[in-house]
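The next block holds one structure in the form of structure tokens; read it before the comments.
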Amino acid sequence: MGEIYQLNSLTDEQKIKVLQLAAYQRGFQLSDETANFLITRLARDMHTLFEALDLLDKASLQAQRNLTIPFVKEILNL
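FYI, the numbering for the sequence shown is 1 to 78, going by the UniProt record's numbering.
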């Protein structure tokens, strides 16, 4: 038989750190406040959060704006 691994779900704090690292790797900053806003307003699965991050990355580049909560609300229709 093969090995069995158990993967634990990430805490909200860990999800925020993962999102911030992904943002950093893409060349932009995701503040604690904005990341927390995303975690509390969207589904908490990483697929949804990364889709939102991708959309926000593209929108912020196009608009030449930082990821502020008002900008995130506007782009994600929240």
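Every residue gets a Cβ at the ideal spot worked out from N, C-alpha and C, and that includes glycine.
Proximal residues to residue i (C-beta, below 8 Å), its chain only, five neighbours per side dropped
i, result
"V72", "T34, F37, L38, L56, L78"
Contacts around residue i, its chain only, beta-carbon distance under 7 Å, and the 5 residues preceding and following it disregarded
i, result
"I69", "E33, T34, F37"
"E74", "none"
Cβ pair residue i, residue j closer than 8 Å
i, j, result
"A22", "Q29", "no"
"A52", "L76", "yes"
"V18", "L7", "no"
Pairwise C-alpha distance: residue j and residue i
i, j, result
"L49", "I16", "10 Å"
"Y5", "Q64", "43 Å"
"G2", "A59", "44 Å"
"Q20", "Q62", "20 Å"
Cβ-based neighbour list, residue i, same chain, cut-off 6 Å, excluding 5 preceding and 5 following
i, result
"D12", "I39"
Simplified DSSP assignment, three categories, for residue i
i, result
"S9", "coil"
"T48", "helix"
"L61", "helix"
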